[in-house]
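Residue numbers (our numbering): 35 to 356. Ideal placement from N, C-alpha and C gives every residue a C-beta, glycine not left out. Predicted model, so just to flag it, every value in this text is computed and none were measured.
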Amino acid sequence: MDIETAAAIIVNDWLCVKRSEVFYFITDEYHRIEADACIQQAEQRGAITKLSVLPIQQIQDGRLLESMRNIMSYADVVVGATTYSFITTDAVDFALKHGARFLSLPLSTNNGKSLFESNFIGMNTRTAERNARRLLPYLKKASELRVTTPAGTNAFFSMKGRRPGFFSGRASRRGSFSSASFEVYVPVVEDSAQGSVVIDGSLGYLGTPSNHVKVNFTDGYLQADRTQNSDAERLLSYMEAFNDPRMFYAVEFGIGLNEYAHCSGQSYIEDESTAGTFHIGLGRNLALGGIRDAAGHFDIVMHKPDIFADSVQILSKGRICV
């Protein structure tokens, strides 16, 4: 896919930008090409456009975004297209409550190519929505999630009092938000995760592990033996660099819906949205419906899960079975 085609899909199909709407595109210094392509598409539809280019080192902690919350709330459409996701910040929540619609479009890649050149952007949003709606009735009635995988994962999460949702790229209604990660998500109770997880898919922004990494959750908190292999050391060093112990808490349970995506470690957002995988979000989950603030948010990804919503199996080896 070329950058112009991807920009047209995002502006026209995902966001349904209309004439005279204020289209606010927030990016960083590394992604002006993608920003310019989307701005051009929005202007062709008659939108009033605004662009902010942020310093990359100030995005993950969310403090810079908080200073922009009022500007964001005046827009009709806000796109967060920076290297790192900031969908889980208070600033996004504030803008949504004031009627803006928001698309999270993290542009981080590990292969030097633009995310806009990835074919997974072409996934049919309606198909993703249909598959999400097959799962939601069971998740809405459940109070607990259990997951196992062939690699050795065996973990439990409470979702009591939490509302599941889904992303399919589309954010076409006032106050709606979405993500380029096509997924069903649950903002799980922040101190509830228990058990072992074997990471065999992706270490988030760090890409795919060369070796499986085993982590354990106790009362929501991730612990791991950093000496088990170099990937465990990389993961823990990355998390410690946030200087925030809240980054070690499991705050989201996600199920990938994108049938065009491949969990190959080349794109963080593609990895977690790959059909046949599930992911655990760590750190901040405010805009997802949780209560945990933190210095950032990222996800670990695992393959071929068996997932149970209470006693009902909803995925078998990564395939929807309800």
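Leaving out five residues on either side along the sequence, give the residues of the same chain with a beta carbon under 6 angstroms from the beta carbon of residue i.
{"i": "T83", "result": "F57, I73, A76, E77"}
{"i": "A81", "result": "V51, E55, F57"}
{"i": "E202", "result": "Correcting the residue identity first, residue 202 is Ser in this sequence and not Glu. Excluding sequence neighbours, S202 sits near T159, A162, E163, F216."}
{"i": "T182", "result": "N188, D340"}
For residue i, tell me which candidate among the options has the shortest Cα-Cα distance.
{"i": "V112", "options": "M35, T159, L85", "result": "L85"}
{"i": "V249", "options": "D344, P140, Y283", "result": "Y283"}
{"i": "A214", "options": "I354, A81, M336, F136", "result": "F136"}
{"i": "D333", "options": "A309, G241, K147", "result": "G241"}
{"i": "K351", "options": "G315, V335, E38, T311", "result": "T311"}
{"i": "T143", "options": "Y302, F251, A71", "result": "Y302"}
What do you get for residue i, buried or exposed, if any count of 16 or more other CB atoms within 10 angstroms of its CB means buried?
{"i": "G209", "result": "exposed"}
{"i": "N153", "result": "exposed"}
{"i": "E68", "result": "buried"}
{"i": "G315", "result": "buried"}
{"i": "I63", "result": "Looking at the sequence provided, one finds Glu at residue 63 rather than Ile. By the neighbour-count rule (16 or more Cβ atoms within 10 Å), E63 is not buried but exposed."}
{"i": "L300", "result": "Sequence check: residue 300 is Gln here, not Leu. Its Cβ being crowded by 16 or more others within 10 Å, Q300 is buried."}
Have a look at residue i and residue j and give me their C-alpha separation to the nearest angstrom.
{"i": "M273", "j": "G324", "result": "20 angstroms"}
{"i": "A109", "j": "D124", "result": "16 angstroms"}
{"i": "S264", "j": "M281", "result": "20 angstroms"}
{"i": "S107", "j": "S101", "result": "12 angstroms"}
{"i": "R196", "j": "S226", "result": "12 angstroms"}
{"i": "D253", "j": "Q228", "result": "6 angstroms"}
{"i": "T117", "j": "F276", "result": "16 angstroms"}
{"i": "H65", "j": "R326", "result": "29 angstroms"}
{"i": "F61", "j": "S345", "result": "As written in the sequence, residue 61 is Thr, which differs from the Phe given in the question. So the alpha carbons of these two residues sit roughly 43 angstroms apart."}
{"i": "E151", "j": "S307", "result": "16 angstroms"}
{"i": "G133", "j": "V45", "result": "18 angstroms"}
Excluding the 5 residues preceding and the 5 following residue i in the sequence, name in chain order all residues of the same chain whose CB lies nearer than 8 angstroms to its CB.
{"i": "D278", "result": "G317, A328, A329, G330"}
{"i": "A176", "result": "M193, A343, D344, V346"}
To which residues of the same chain is residue i closer than 7 angstroms at the C-beta, ignoring the five residues directly before and after it?
{"i": "R168", "result": "I354, V356"}
May I have a chain-ordered list of the beta strand (DSSP E) segments no shorter than 3 residues that lie completely inside the region 217-274? 217-220, 228-233, 247-252, 255-257
Can you check the region 103-160 for any beta strand (DSSP E) of at least 3 residues that lies completely inside it and give the ranges in chain order? 111-115, 135-138
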